[in-house]
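Colleague: Heads up: the sequence lines are chains A and B, in that order.
If you count the first sequence from 1, you need to add 415 to reach my numbering.
If you count the second sequence from 1, you need to add 26 to reach my numbering.
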Amino acid sequence: QKEVEQDPGPLSVPEGAIVSLNCTYSNSAFQYFMWYRQYSRKGPELLMYTYSSGNKEDGRFTAQVDKSSKYISLFIRDSQPSDSATYLCAMSLNQAGTALIFGKGTTLSVSS
Amino acid sequence: GAGVSQTPSNKVTEKGKYVELRCDPISGHTALYWYRQSLGQGPEFLIYFQGTGAADDSGLPNDRFFAVRPEGSVSTLKIQRTERGDSAVYLCASSLSSNQPQHFGDGTRLSIL
Numbered sequence: 416q417k418e419v420e421q422d423p424g425p426l427s428v429p430e431g432a433i434v435s436l437n438c439t440y441s442n443s444a445f446q447y448f449m450w451y452r453q454y455s456r457k458g459p460e461l462l463m464y465t466y467s468s469g470n471k472e473d474g475r476f477t478a479q480v481d482k483s484s485k486y487i488s489l490f491i492r493d494s495q496p497s498d499s500a501t502y503l504c505a506m507s508l509n510q511a512g513t514a515l516i517f518g519k520g521t522t523l524s525v526s527s
Numbered sequence: 027g028a029g030v031s032q033t034p035s036n037k038v039t040e041k042g043k044y045v046e047l048r049c050d051p052i053s054g055h056t057a058l059y060w061y062r063q064s065l066g067q068g069p070e071f072l073i074y075f076q077g078t079g080a081a082d083d084s085g086l087p088n089d090r091f092f093a094v095r096p097e098g099s100v101s102t103l104k105i106q107r108t109e110r111g112d113s114a115v116y117l118c119a120s121s122l123s124s125n126q127p128q129h130f131g132d133g134t135r136l137s138i139l
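1. Verify the contact flag: N442 of chain A, CB atom, against every heavy atom of the ligand SAH, threshold strictly below 6 angstroms.
2. Report the three-state DSSP secondary structure of D112 of chain B (helix, strand or coil).
3. Only counting the same chain, and skipping five residues up and downstream in sequence, which positions put a Cβ closer than 6 angstroms to that of N437 of chain A?
4. Considering only C-alpha positions, which residue in the set B:G98, B:G79, B:T108 is nearest to D89 of chain B?
5. Sort out for me which residues DSSP pairs L117 of chain B with in a bridge.
6. At the level of alpha carbons, what is the spacing between Q128 of chain B and A478 of chain A?
7. Could you give the DSSP three-state label for D498 of chain A: helix, strand or coil?
8. Taking the alpha-carbon positions, what's the S441 of chain A to P429 of chain A distance?
9. What is the DSSP secondary structure of A505 of chain A, counted as helix, strand or coil?
10. If we count Cβ pairs, one from each stretch, closer than 8 angstroms, do we get three or more for the stretch 64-82 of chain B versus the stretch 513-526 of chain A?
11. Using a Cβ-Cβ cut-off of 7 angstroms, state whether D112 of chain B counts as contacting chain A.
12. Just to make sure I have the definition right: I need the residues of chain A whose C-beta is within less than 8 angstroms of the C-beta of Q106 of chain B. Which are they?
13. Using the C-alpha atoms, what's the distance from F445 of chain A back to G431 of chain A?
14. When the Cα of G54 of chain B is compared with those of B:Q67, B:Q126, B:E40, which residue comes out closest?
15. Identify whether T522 of chain A lies in helix, strand or coil by the three-state DSSP scheme.
16. Which same chain residues, not among the five before or five after S527 of chain A, have their C-beta less than 7 angstroms away from its C-beta?
17. Kindly indicate the opening and closing residues of the beta strand (DSSP E) around K104 of chain B.
18. Provide the residue span of the beta strand (DSSP E) that contains T33 of chain B, from first to last.
Here you go:
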C-alpha cells in the first residue's frame, strides 16, 4: 500500500460544476497537507497549504483535512475550462525542510 | 516575478552518458529540493539543500546520482552512466526558508535512448 492514494481519474465535468478531489493516506504522522495543480508540461503550482484538520477556503477552492479518517479533499466551485489540469495532493511530516510525499494526481477535464 | 528556472527544458542523451541538470531557485530562497516525476506518477523526492549543504539525500536512488549547491543558490543535479530507467522529468523546487511552502520549476524532461 502506497503512503498516499489518489484516484488518477480522468474526471470529466461540465463548466460550472462542483468538483471534489480526494486523497487518503496511511501515515498518521503527516501534519502538513497541500494541493498542487499541474498543467501539461509544466511544474506543479501550489494551490492550497493547510496544517492539521479543518477547512481552508481561497476563492473557488476549499481544502478539507480529516486526520481521524486520514482523508483530504479539494473542492472547486463553479469550475472553469481553465481548471482542466492534473491535481496533486502532497503531504509532509514536518513543516521544516521535509520531503513532500505526493499522490499520483487526478486528471480533471472541464468542458465548456 | 522570476520563478524557479530549470535548464535545459529537454535533454536527450544515450545510455551510459553523463548529464547535468541546472536549477536557479527564486531569489532569496534558502531551501532547494530536487524531485523526479515519471509519467503518470506524482513527483518523488530526491534531495534537499539548506544553504550549501545537502540536509537530506535519502531519496537519491543510487550513487550514480549526485547534486551540489556550492554557493547556496544555483544547484546542479548530476547523473553518471545514465540508464534508460532514468528517463523522467526532473523537478526543482525552492522555498523562502525550510518551513515555507515549496514552489516548483517546470522541470527538465530527460530522455535516455
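Backbone N, C-alpha and C define an ideal beta-carbon position, used for all residues, glycine too.
Modeller: From the atom records:
1. Looking for the ligand SAH in the displayed structure turns up nothing, as the structure carries no ligands at all.
2. Looking at D112 of chain B - three-state DSSP - the assignment turns out to be helix.
3. Taking N437 of chain A as the centre and dropping the five residues before and after it, the same chain places the C-beta of S488 closer than 6 angstroms to its C-beta, in chain order.
4. Among B:G98, B:G79, B:T108, the Cα nearest to that of D89 of chain B belongs to B:T108.
5. Bridge partners of L117 of chain B: B:Y61.
6. Roughly 18 angstroms between the two C-alpha positions.
7. If DSSP states are grouped into helix, strand and coil, D498 of chain A belongs with the helices.
8. Distance from the CA atom of S441 of chain A to the CA atom of P429 of chain A, rounded to whole angstroms, is 33 angstroms.
9. DSSP places A505 of chain A in strand when its eight states are reduced to three.
10. These segments touch.
11. No, because no Cβ of chain A sits closer than 7 angstroms to the Cβ of D112 of chain B.
12. Those do not exist, as Q106 of chain B stays about 23 angstroms from chain A at its closest Cβ, beyond 8 angstroms.
13. The C-alpha of G431 of chain A lies about 33 angstroms from the C-alpha of F445 of chain A.
14. The shortest C-alpha separation from G54 of chain B is found at B:Q126.
15. Correct three-state label for T522 of chain A: strand.
16. Within the same chain, S527 of chain A has close Cβ partners E430, P496.
17. Counted as a single uninterrupted DSSP element, the beta strand (DSSP E) harbouring K104 of chain B occupies residues 101-105.
18. Annotation for T33 of chain B: the continuous beta strand (DSSP E) segment containing it runs 31-33.
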